[in-house]
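Residues 17 to 315 in the working numbering are what the sequence shown lists, from first letter to last. All C-beta atoms in this analysis are idealised placements derived from N, C-alpha and C, irrespective of residue type, glycine included. Accompanying notes for the structure given below.
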Amino acid sequence: MDEVNDQEVEPFDSFAEAVSSLEKLTKIETKIAVGIEKSLVPWKESRKLLKCMNPDQVSNTSLFQFMQNLFLQMGLGKLGISNVSRFQLTLVLTDCQVCKIYRTQKSGRICFITSDAILKFFVKGLDLPCVVEETKCAKEGSENCEFKVDLQPLGVYKIALDEMDRVLIGCILSSKFAVKDFADDNGIEEGEVLYRLKVLKSYQIVDENHNITEIGSTYYKFAQGLRALEEDFDPPWKSLADITTAIAAKNSFAEAMSETVGSEPVIDVDSSEIVNLAEEAKKSKSFAELISKYVKLNE
Ligand SMILES: [Zn+2]
């Protein structure tokens, strides 16, 4: 494929390649749907990630390691993290499989399917509303594809702080707060109290002098009902084998076309016909030829 002509700007070299690429993308999309469906994460685990101060800490959480494993299994590539701030994460995808599918395309950011998978993982899996944007793409000449995840602050405040943080805020508000007393009264180490204060400061709930800010007092009112909303259940990595099996089971194109996740097939499709059509498409030189084969097949 070394010829230089106007076909270079086309995403695919031929109709057969387009069909085979569509097949690959459909497989990935189906795996994403299955993977996300099975990735409900309890707040207590998302919280550990939200409290992280740097990419290394994020990489060490069970949640992020699960996400890496899931993105590999869904067929997207190897996920890493390059930057963390309070309401924004920068994710990096190396060995991007979606870029490989659009083999002949040489420009533009094309990993919409990956952006969408990240969005769904955060919104459906973690209960964290966000906006995801691909900011660098291997197709544009970057080494890796990069995605910025902007988390909705209210959603983060809802999950990031736990009951002990709220007790701590209440204690500071009562103006009888001292680190050692608080640690003794609540059966925790002084170091933990200091770490919690550091996190509260990063969320602008307390200021430099550990006084409650306006955001802090607003949060405290808003937070009273949060304990009742929090559900406790096993994180999805406790049943990783089930997820792996479910994703692997979705590996055929026929299944991808005839099944929808978690429900009965919407359209009754003869899967053998789809497989035949895809096979024929690879051998066909044009759309017209493919259609004539398909019509003969059904006569
Ligand atoms: Zn990309």
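For the putative contact between residue i and residue j, defined by C-beta atoms under 8 Å, what is the C-beta separation to the nearest angstrom?
i	j	result
residue 153	residue 166	Going by Cβ atoms, the distance from residue 153 to residue 166 rounds to 18 Å, so no, they are not a contact pair.
residue 131	residue 163	6 Å
residue 51	residue 89	6 Å
residue 196	residue 206	6 Å
residue 79	residue 65	5 Å
residue 39	residue 251	That pair is no contact at about 33 Å.
residue 41	residue 129	7 Å
How about residue i: is its Cβ closer than 7 Å to a heavy atom in ligand 1?
i	result
residue 125	yes
residue 159	no
residue 3	Outside the shown range of the chain, which is 17 to 315, sits residue 3, and nothing can be said about it.
residue 150	yes
residue 187	no
residue 115	yes
residue 146	no
residue 68	no
With a Cβ-Cβ cutoff of 8 Å, do residue i and residue j count as a contact?
i	j	result
residue 63	residue 176	yes
residue 117	residue 30	no
residue 185	residue 231	no
residue 96	residue 108	yes
residue 125	residue 94	no
residue 110	residue 98	no
residue 134	residue 148	yes
residue 150	residue 187	no
residue 43	residue 259	no
residue 35	residue 71	no
Distance check for residue j and residue i, CA to CA, integer angstroms please.
i	j	result
residue 237	residue 190	14 Å
residue 45	residue 253	21 Å
residue 279	residue 58	Residue placement at residue 279 cannot be trusted, given a pLDDT of 44 that sits under 50; the coordinates are not used to answer.
residue 307	residue 33	For residue 307, the predicted model reports a pLDDT of 46, less than 50, meaning its position is unreliable; a value from the coordinates is still stated below. Each residue's alpha carbon lies about 16 Å from the other.
residue 198	residue 178	16 Å
residue 48	residue 67	27 Å
residue 119	residue 265	27 Å
residue 242	residue 74	24 Å
residue 172	residue 194	27 Å
residue 255	residue 225	44 Å
residue 121	residue 157	11 Å
residue 263	residue 168	30 Å
residue 208	residue 214	10 Å
Answer yes or no: does any C-beta atom of chain D fall closer than 8 Å to that of residue i?
i	result
residue 229	In summary, chain D is missing from the structure at hand, where a single protein chain is found.
Among the residues of its own chain, which have a CB less than 7 Å from the CB of residue i, if the five just before and after it don't count?
i	result
residue 181	212 and 216
residue 83	95 and 137
Please return the same chain residues whose Cβ sits closer than 8 Å to the Cβ of residue i, not counting the five positions on each side in sequence.
i	result
residue 183	202
Using a Cβ-Cβ cutoff of less than 6 Å, which residues in the same chain neighbour residue i once the five nearest sequence positions on both sides are dropped?
i	result
residue 143	none
residue 112	93, 154 and 161
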